[in-house]
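Some notes on the structure that comes next.
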Amino acid sequence: MRRVMKKQRHDLTHVEIMLGNEEKTIGARWNNGKVQFFDSYKFISKSYHSQIYTIKSIDHWLKGICK
8 MRRVMKKQRH DLTHVEIMLG NEEKTIGARW NNGKVQFFDS YKFISKSYHS
58 QIYTIKSIDH WLKGICK
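For the sequence shown, the numbering used here assigns the number 8 to the initial residue and increments by one for each residue that follows.
Right, dumping it as structure tokens:
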């Protein structure tokens, strides 16, 4: 049986925070609700497919500017 997943807002299914200039991130993966550090933002998900990476600065958001 194939489950039909609801469409996510802004087509985002997962968000992680980049740590520095490398690929290191902090985020919650594997549907266990635990935040962890990861050596790379790149990983194979068992929950979804067709991964597209979009990297954005959160500086505007931190300053209260919503664009």
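Yeah, the Cβ is synthetic: ideal placement off N, Cα and C, and Gly gets one too.
Between E23 and Y48, the C-beta gap is smaller than 7 Å, which places the two residues in contact. Nearest to G40 by alpha-carbon distance, out of K70, H21, C73 and I51, is H21.
In this structure, F44 sits near I33, with a CB-CB distance shorter than 7 Å. By DSSP's assignment, G34 forms a beta bridge with Q43.
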